[in-house]
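K.L.:
Just passing along the structure, written as structure tokens.
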Amino acid sequence: MNKKVDFPINVHPVSSELLDAVHGFDSQELLWLSGYCSGLAKGRVDSSLISNGHSNNIQAPTIPSSEVALKTLVLFASQTGNSQKIAESLFDRLDKSELSVELANLSDFNSKSLVKYQIILLVVSTHGEGEPPDDAIDFYDFVNSKRAPKLDHAQHAVLGLGDSSYEFFCQTGKDFDKALIKLGSKSLLERVDCDLEYDASVDQWISSLVDKTAALLSSDRIENGGTGSFDKNDAQLDGTRYSKDNPFTASILSNQKITGEGSGKCIHHIEISLENSGIKYSPGDSIGIWAKNNHQLVNEILKLSSLQSEEVVTIKGHSKSLGQALLENFEITLINKEFIQSYSELVALKDKKKADQLLEITSLDYSSYIKNHQIIDVIALASIPLEAQQLADLLKPIKPRIYSLSSSLEANEEEAHITVALKESVNDRAIRRGAASEFLIERLQEDDEILVFIEPNKRFKLPADDQPVIMIGPGTGIAPFRAFLQQRHYESAVGENWLFFGNPHFNTDFLYQLELQKYSNQGMLTHLDLAFSRDQNEKIYVQDRLLNRAAEIWQWIDNKNSYLYVCGDMSRMAKDVENALTTIISEQGGMSAQQAKDYLKTLKKENRYQRDVY
Amino acid sequence: MSVKEKAQAMSAEKPVDKLVVKSVEQTRYDAATHSDVEKIKVESNYLRGTITPSLKNQVTGAVADDDLMLIKFHGIYQQDDRDIRNERRKQKLEPLYSFMIRARVPGGVASSKQYIQLADLATRYSSGSLRLTTRQAYQWHGVFKRNLKTTIAGINQSMLDTIAACGDVNRNVMSNPLPETSSLHQEVYQWSKKISEHLLPKTKAYHEIWLDGKKVESTEEPLYGETYLPRKFKTAIAIPPYNDVDVYANDLGFVAIVEQDRLVGFNVLVGGGMGSSHGDNSTYPRVANLIGFCSLDQVLAVAENVVKVQRDFGNREVRKHARLKYTIDRLGIDEFKKKLFAYQGFELSTAKHFKFEHNADRYGWMQDENGQWHLTLYIHSGRIIDSADSKLFSGLLEIAKIHDGEFRISPNQNMIISNIQPAIKTEIETLLKSHNISIGETESPTRLNSLACVAFPTCSLAMAEAERYLPSFITKLEVLLNTYGLMEQPINVRMTGCPNGCARPFLGEIGLVGKGPGKYNLYLGASHSGDRLNKIYRENINEQSILQALEPIIEDYSKARQRGESFGDFVIRHQYIEAVNNGLDFHS
């Protein structure tokens with residue numbers, strides 16, 4: 207099964223054109239077709255076995271042994287197209303052998319799948335002062351990072367392209383060779399550094415590789431009887447033992463800002479390692495995170511209350527220093543009414559007038575007050591010296607923050623991804639930041655540890671593979687839909703996908719733009735409708751885009767039995783979107799407003815209208 | 122009788138040669154051998170391609186790959202901010218794509234009213250600056266796809282356009298801005314307009330796409346055919362003794378011949394060009410050949426037929442060998458002339474005598490024979506922008522509002538405010554002062570003679586800095602010149618980020634061509650008047666090494682130069698470098 211591969215490494219045994227054709231079928235047609243094909247396949251297998259003289263020994267067709275044993279990958283990074291041409295001719299040569307060969311452009315290659323291959327062949331040029339070409343940068347960073355896998359089972363060869371008039375001639379090729387060796391891979395062939403005139407050395411390199419791999423193939427058969435396998439020894443781990451009260455200590459794989467320079471929003475994509483936890487989740491689920499409070503904020507509260515960090519408090523019968531408890535155990539940002547009441551009572555003991563003032567200020571417009579103020583702002587309204595235990599008793603225990611997962615576990619083994627926006631509000635004293643978003647975005651770095659658990663969400667799940675879905679997720683509301691799309695891509699699901707996304711600016715706020723573009727170009731994302739509210743004079747939001755596509759949306763809902771999903775801001779977006787959907791149903795379906803609302807309710811009951819709003 | 126008919130008529134009357142003129146047949150696309158770009162052109166339906174769907178696609182700020190080549194014919198280049206390309210990749214964002222739009226301005230002349238409109242577009246849709254090019258065009262940088270159509274429509278409303286500002290066609294026709302003699306300038310400028318219009322593509326695609334013109338089923342390109350030219354084609358007109366336009370660096374050059382104060386015709390030059398590729402000796406810059414003289418009634422026929430010969434005989438297989446200069450070196454200049462004369466149906470007469478003195482601008486105020494004033498302003502790298510030091514952009518806009526003459530772009534990327542009525546001279550001087558705009562009185566002659574291309578961060582070809590780096594390099598060079606008492610000596614310094622030659626680096630007495638970040642090839646030995654190429658002196662060196670390499674030569678020059686000897690001539694006489702007399706010597 208040798209195939210040229212595009213992003214991501216794709217293992218369909220049939221062409222994408224054929225798959226595309228099948229996508230147009232309805233479920234009945236597909237069922238019929240699957241029966242037809244399986245019958246056909248059976249016939250073919252049998253007859254081929256017979257023709258090979260194995261008629262007495264009928265067995266299920268097996269995958270050729272070499273395929274399991276010697277998975278080979280040809281990688282290239284091309285700026286000018288030279289390395290692509292070389293990689294392609296190498297691929298064509300190897301493809302004629304019995305090796306299982308895949309060809310991939312580094313810009314499209316999922317670095318994490320590197321571990322699946324036993325022979326890694328890399329053609330790469332060098333730029334400027336010894337830097338990798340743009341397409342290779344991510345992979346370059348990956349193989350040189352702590353996330354890079356052990357490659358003890360692998361062998362590799364590198365062909366570097368360069369210009370010897372530069373000081374760092376073929377530096378990138380050299381770097382990759384070194385990095386792969388460091389990861390445990392053995393050198394299949396000595397690295398070749400090519401100058402501007404490279405035709406002869408390239409031909410030589412390719413021929414040597416053809417010979418080398420052929421030799422490997424035959425020795426592999428003898429040694430392993432063709433059953434050589436390098437699959438990770440997956441000990442059965444039980445992830446279900448982890449919970450809110452018994453969280454898993456995960457580590458951070460990467461923490462990357464994904465809004466561009468000049469954006470008014472600070473949104474991060476954070477990848478968390480669940481390695482060796484056995485934790486399972488499915489798209490639509492959320493992850494709970496125990497955040498640590500901000501050190502500086504703790505110090506400010508201590509100062510306002512004339513307390514020392516070392517003073518000891520008792521929490522549920524355990525003694526702990528106040529400073530540590532404020533960092534880990536108490537909710538010290540979100541205001542609640544009980545806190546205001548109890549604190550004002552303490553203040554009243556010393557200064558009745560101040561206590562009344564405090565109550566007046568906070569209750570004037572309580573709901574808007576708590577939006578941009580935190581506990582410390584209440585304390586600052588009337589700060590008084592407190593006993594350590596008094597402060598501890600005033601505060602509620604910290605709660606975990608819940609984030610919709612933006613990854614599919616199957617597409618990202620042992621990883622959980624989240625999409626976090628820095629929550630910031632400004633009041634007359636300071637800029638206040640959300641405890642968890644500040645913790646995640648500002649303080650967590652690669653390799654840092656973090657306590658997590660899965661919060662399943664049974665009410666936000668993908669339908670059957672062949673059902674179409676309409677996903678509406680502006681801002682960080684895109685998170686679960688990234689997971690949906692990853693999952694559907696992983697499963698080669700045939701159902702159509704339509705995503706509505708919005709944010710202020712196209713240039714800086716198009717979250718996961720590169721990924722969505724790829725899904726879009728592959729045709730997996732049938733439609734991608736975008737609303738960038740601030741790029742033109744009039745503001746445009748996702749609900750406006752929905753109304754723009756009313757007829758087609760109605761067709762998807764009514765004819766195609768599409769599922770509808772909404773994720774994101776509850777107070778405004780979800781309401782506006784629901785109104786837009788009601789309008790569409792009413793106008794396109796010829797219903798009264800009430801009928802349209804009932805229709806939407808029915809959809810909800812049938813699980814065809816699911817929301818994850820907050 | 123149109124010029125074309127005239128040429129044909131002449132051809133019928135007077136067959137010069139037995140050579141059978143090969144017709145447009147030869148431009149037929151050959152999939153087996155022709156380059157990918159030829160395929161894109163032939164399949165584009167006269168430059169339409171998928172530009173309209175590309176503009177509507179909201180998922181990307183770029184256009185489709187095949188349209189990248191086609192939009193150039195419409196005067197547009199797609200670029201991206203290379204400073205943040207890698208950062209954005211990590212952010213899972215595509216590169217920050219934007220577009221450079223170039224307006225075709227024959228002779229670089231725009232009215233005040235037009236200038237105001239162009240500047241207004243810059244404020245609204247681009248990075249708030251206008252850039253003057255070394256080919257007398259205006260450029261807007263950083264226009265996002267969603268604003269492209271509006272911006273181009275705005276340029277057309279000013280009665281300028283962007284068609285054929287780039288692409289494989291004849292581009293903006295340059296002419297000497299010549300503030301000294303207004304009547305002669307006017308006459309030559311009219312010729313640059315006529316040539317430019319005569320060689321324009323005729324496709325209706327431009328109007329359809331950008332101006333919502335009516336869709337026309339098919340259009341014809343009587344001159345270009347469906348594959349247009351094999352490569353870009355540049356034309357310039359020079360008026361001796363000034364060679365501001367660097368006429369030798371053009372595919373087609375005309376040198377104005379004036380007899381008894383009357384323009385009588387032009388000497389014709391063919392086959393100049395700057396572009397080359399590092400490490401590829403089959404590519405080289407080349408100065409044009411002088412092939413004869415044509416009278417005024419022959420000018421358009423000559424221009425048209427040089428284009429036709431290049432159309433039919435240019436290399437369509439290898440793009441980097443496609444410019445006219447390679448066609449001429451492949452055919453030989455005599456064979457080329459033979460073909461040209463057969464195409465146009467008449468021979469050129471013997472070239473007339475002329476002499477160039479220099480190719481630099483003459484800064485400051487100047488009064489012409491009619492008493493009108495002309496002011497040449499030094500504009501660093503052609504960038505009209507408001508900075509902390511100088512409010513150049515706002516200042517020029519204020520001047521445009523009170524000035525009813527013209528704005529002329531010089532080929533050295535400077536701005537000449539032309540035909541200023543004596544009555545408002547003082548008012549303009551006041552505006553210059555209040556906006557802190559230099560008229561080139563304080564800069565050294567070497568700084569005033571320096572040129573740089575755009576390079577980083579927007580040019581996709583750049584390997585090293587140019588526009589952003591040149592000022593500080595000149596400052597360091599000035600230290601050397603000052604040490605050896607050469608501050609008053611003008612030396613042409615040309616710096617580009619790559620070897621494609623936008624700032625004509627191979628005609629710099631000191632040429633610096635980017636090789637990598639902070640690294641340049643150093644070229645020496647071009648003439649001060651722009652009629653001799655330079656040659657590589659040191660390869661791939663940094664600033665310190667460049668200055669170290671130059672210092673002993675500058676010292677020697679200060680001591681041993683002859684009266685009036687330019688730096689470029691001196692380095693050859695003192696054998697620092699060999700003279701390059703034609704392009705094929707460039708690498709030898």
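Quick mapping for you: the protein sequence lines, in order, are chains A and B.
FYI, this note's numbering numbers position 72 of the first sequence as 278, with every residue one higher than the one before it.
FYI, this note's numbering numbers position 260 of the second sequence as 381, with every residue one higher than the one before it.
The beta-carbon is built from N, C-alpha and C at its ideal position, and this holds for glycine as well.
(1) Anything in chain A within Cβ reach of Ile205 (chain B), meaning under 8 Å, just list it in chain order.
(2) For Gln462 (chain A), which residues in chain B fall below 9 Å Cβ to Cβ?
(3) Step through the CB atoms of chain B and report whether any lies within less than 8 Å of the CB of Ile343 (chain A).
(4) Which bits of chain A does Gln419 (chain B) rub up against, with CB to CB less than 7 Å?
(5) Please confirm if Phe382 (chain A) has its CB atom under 8 Å from at least one CB of chain B.
(6) Taking the straight line between their C-alpha atoms, what separation do you get for Phe387 (chain B) and Thr471 (chain B)?
(7) What span of residues does the beta strand (DSSP E) with Phe354 (chain B) cover, start to end?
(8) Do Leu628 (chain B) and Leu645 (chain B) come within 8 Å of each other at the CB atom, strictly closer than that value?
(9) Mind checking the segment 148–180 of chain B against chain A and listing, in chain order, the residues whose C-beta falls within less than 9 Å of any C-beta there?
(10) Thinking C-beta only, is Phe706 (chain A) closer than 8 Å to Met730 (chain A)?
(11) Let's see if you can read the secondary structure: which residues bound the beta strand (DSSP E) around Phe348 (chain A)?
(12) For Ser306 (chain A), count the other beta carbons within 10 Å of its own beta carbon; 16 or more makes it buried, fewer makes it exposed. Which is it?
(13) In the structure shown, what three-state DSSP assignment does Asp202 (chain B) receive?
(14) Could you work out which residues of chain B lie near Gln673 (chain A), taking near to mean beta carbons separated by less than 8 Å?
(15) Check whether the Cβ atoms of Val398 (chain A) and Arg299 (chain A) sit closer than 8 Å, and answer yes or no.
(16) Between the Cα of Ile222 (chain B) and the Cα atoms of B:Ile284, B:Val430, B:His479 and B:Glu208, which residue gives the shortest distance?
(17) Could you say which of B:Leu445, B:Val427 and B:Glu478 lies nearest to Phe467 (chain B) if we only look at CA atoms?
(18) Under a three-way DSSP split, which group does Gln260 (chain B) fall into?
(19) Output yes if chain B places a C-beta closer than 8 Å to the C-beta of Tyr718 (chain A); else output no.
(20) As a quick exercise: from B:Arg252, B:Leu251 and B:Arg267, pick the residue whose alpha carbon is nearest that of His711 (chain A).
(21) List, in order along the chain, the chain B residues whose C-beta lies closer than 7 Å to that of Leu734 (chain A)?
(22) Which residues mark the beginning and the end of the alpha helix (DSSP H) in which Arg635 (chain A) is found?
(23) Please list the residues of the segment 648–665 of chain B that have a C-beta atom closer than 7 Å to any C-beta atom in chain A, keeping them in chain order.
(24) Going by beta carbon distance, what residues of the same chain come within less than 6 Å of Leu168 (chain B), once the five residues before and after it are set aside?
(25) Is the beta carbon of Val329 (chain A) less than 8 Å from the beta carbon of Ala293 (chain A)?
(26) Please list the terminal residues of the continuous beta strand (DSSP E) segment that includes Tyr815 (chain A).
(27) With distances taken Cα to Cα, identify the nearest neighbour of Ala576 (chain B) among B:Leu569, B:Ala585 and B:Arg568.
(28) Using a beta-carbon distance below 8 Å, is Asn618 (chain A) in contact with chain B?
(29) Using only alpha-carbon positions, find the residue among B:His556, B:Asp289, B:Lys597 and B:Val614 that is nearest to Ile161 (chain B).
(30) Name the chain A residues that come within less than 9 Å of Leu217 (chain B), Cβ to Cβ?
(31) Am I right that Val632 (chain A) and Asn578 (chain A) are in contact with their C-beta atoms under 8 Å? What's the rounded C-beta distance?
(32) Nearest CA to the CA of Pro489 (chain A): which residue from A:Leu552, A:Gln462 and A:Pro686?
(33) Would you kindly work out how many angstroms separate the C-alpha atoms of Pro270 (chain A) and Lys302 (chain A), rounded to a whole number?
(34) In angstroms with no decimal places, state the Cα-to-Cα distance between Ala286 (chain B) and Asn293 (chain B).
(35) Could you give the first and the last residue of the continuous alpha helix (DSSP H) run that contains Tyr180 (chain A)?
(36) Suppose you measure from the CA of Ala266 (chain A) to the CA of Ala283 (chain A); what does that come to, to the nearest Å?
P.N.:
Taking the structure as given:
(1) Taking the first residue of the second sequence as 1, we reach residue 205 (chain B) at position 84. Ordered by position in chain A, the residues that pass the 8 Å Cβ test against Ile205 (chain B) are Gly466 and Glu467.
(2) As a position in the first sequence, residue 462 (chain A) is number 256, starting the count at 1. What Gln462 (chain A) touches in chain B: Lys211, Gln212 and Lys213.
(3) The sequence position of residue 343 (chain A) within the first sequence is 137, counting from 1. Yes - at least one Cβ of chain B is within 8 Å of the one on Ile343 (chain A).
(4) Indexing the second sequence from 1 puts residue 419 (chain B) at position 298. Going along chain A, no residue has its Cβ under 7 Å from Gln419 (chain B), so there is no contact; the nearest lies around 43 Å.
(5) As a first step, residue 382 (chain A) must be located in the first sequence, where it is residue number 176. No, its Cβ sits nowhere closer than 8 Å to a Cβ of chain B.
(6) As a working note, residue 387 (chain B) is residue 266 in the second sequence. As a working note, residue 471 (chain B) is residue 350 in the second sequence. Rounded to whole angstroms, Phe387 (chain B) to Thr471 (chain B) spans 11 Å at the Cα level.
(7) For the purposes of this step, residue 354 (chain B) is taken as the residue at position 233 of the second sequence. From DSSP, the beta strand (DSSP E) with Phe354 (chain B) extends over Phe354 to Ala359.
(8) Position 524 of the second sequence, counting from 1, holds the residue named residue 645 (chain B). Position 507 of the second sequence, counting from 1, holds the residue named residue 628 (chain B). No.
(9) Gln179 and Val180
(10) Taking the first sequence and counting its residues from 1, one reaches residue 730 (chain A) at position 524. Taking the first sequence and counting its residues from 1, one reaches residue 706 (chain A) at position 500. No. Outside cutoff.
(11) Against the first sequence, residue 348 (chain A) aligns to sequence position 142. Not the beta strand (DSSP E): Phe348 (chain A) falls in the alpha helix (DSSP H), residues Ile343 to Val349.
(12) In the first sequence, the residue the question calls residue 306 (chain A) occupies position 100. Ser306 (chain A) is buried by the Cβ-count criterion.
(13) Reading the second sequence from its first residue, position 81 is the one you call residue 202 (chain B). Coil.
(14) As a first step, residue 673 (chain A) must be located in the first sequence, where it is residue number 467. Neighbours of Gln673 (chain A) on chain B: none; closest Cβ ~24 Å, over 8 Å.
(15) Looking up residue 398 (chain A) in the first sequence gives position 192. Looking up residue 299 (chain A) in the first sequence gives position 93. Taking 8 Å as the Cβ cut-off, Val398 (chain A) and Arg299 (chain A) do not qualify as a contacting pair.
(16) Here residue 222 (chain B) refers to the residue found at position 101 of the second sequence. Cα-wise, what sits closest to Ile222 (chain B) is B:Ile284.
(17) Taking the second sequence and counting its residues from 1, one reaches residue 467 (chain B) at position 346. Here the closest residue by C-alpha is B:Val427.
(18) Here residue 260 (chain B) corresponds to residue number 139 of the second sequence, with the count starting at 1. In the structure shown, Gln260 (chain B) sits in a strand (DSSP, three-state: E or B).
(19) Residue numbering aside, residue 718 (chain A) sits at position 512 when the first sequence is read from its first letter. Yes, Tyr718 (chain A) counts as interfacial toward chain B.
(20) Position 505 of the first sequence, counted from the first residue, corresponds to residue 711 (chain A). Among B:Arg252, B:Leu251 and B:Arg267, the Cα nearest to that of His711 (chain A) is on B:Arg267.
(21) In the first sequence, the residue the question calls residue 734 (chain A) occupies position 528. What Leu734 (chain A) touches in chain B: Val180.
(22) Residue mapping note: residue 635 (chain A) aligns to position 429 of the first sequence, counting from 1. First-last for Arg635 (chain A): undefined, no H or E at that position.
(23) Glu660 and Asn661
(24) Within the second sequence, numbered from 1, the residue matching residue 168 (chain B) stands at position 47. Excluding residues within five positions, the ones whose Cβ falls inside 6 Å are Leu191, Phe194, Thr324 and Ala326.
(25) The sequence position of residue 329 (chain A) within the first sequence is 123, counting from 1. The sequence position of residue 293 (chain A) within the first sequence is 87, counting from 1. Cβ distance < 8 Å, so Val329 (chain A) and Ala293 (chain A) count as in contact.
(26) Residue 815 (chain A) sits at position 609 when you count from the first residue of the first sequence. Unbroken beta strand (DSSP E) run through Tyr815 (chain A): Tyr815 to Val819.
(27) Within the second sequence, numbered from 1, the residue matching residue 576 (chain B) stands at position 455. The residue with the shortest Cα to Cα distance from Ala576 (chain B) is B:Ala585.
(28) Locating residue 618 (chain A) in the first sequence gives position 412, where the first residue counts as 1. Not an interface residue.
(29) The residue given as residue 161 (chain B) occupies position 40 in the second sequence. Checking every option, the nearest Cα to that of Ile161 (chain B) belongs to B:Asp289.
(30) Taking the first residue of the second sequence as position 1, residue 217 (chain B) is located at position 96. What Leu217 (chain B) touches in chain A: Gly466, Glu467, Asn713 and Thr714.
(31) Your numbering for residue 632 (chain A) matches position 426 in the first sequence. Your numbering for residue 578 (chain A) matches position 372 in the first sequence. Their Cβ separation, rounded to whole angstroms, is 7 Å, which keeps Val632 (chain A) and Asn578 (chain A) in contact under 8 Å.
(32) Counting from one through the first sequence, the residue named residue 489 (chain A) turns up at place 283. The shortest C-alpha separation from Pro489 (chain A) is found at A:Pro686.
(33) Indexing the first sequence from 1 puts residue 270 (chain A) at position 64. Indexing the first sequence from 1 puts residue 302 (chain A) at position 96. Its pLDDT being 40, under 50, Pro270 (chain A) is placed unreliably by the model, and the measurement read from it follows with that caveat. Roughly 15 Å separates the two Cα atoms.
(34) Within the second sequence, residue 286 (chain B) is the residue found at index 165, counting from 1. Within the second sequence, residue 293 (chain B) is the residue found at index 172, counting from 1. Those two C-alpha atoms are separated by around 6 Å.
(35) The structure shown does not extend to residue 180 (chain A), since chain A is modelled only from 207 through 820, so no value can be given for it.
(36) Taking the first sequence and counting its residues from 1, the one referred to as residue 266 (chain A) is at position 60. Taking the first sequence and counting its residues from 1, the one referred to as residue 283 (chain A) is at position 77. In this predicted model, Ala266 (chain A) has a pLDDT of only 39, less than 50, meaning its place in the structure is not dependable; the value taken from the coordinates is given anyway. About 40 Å.
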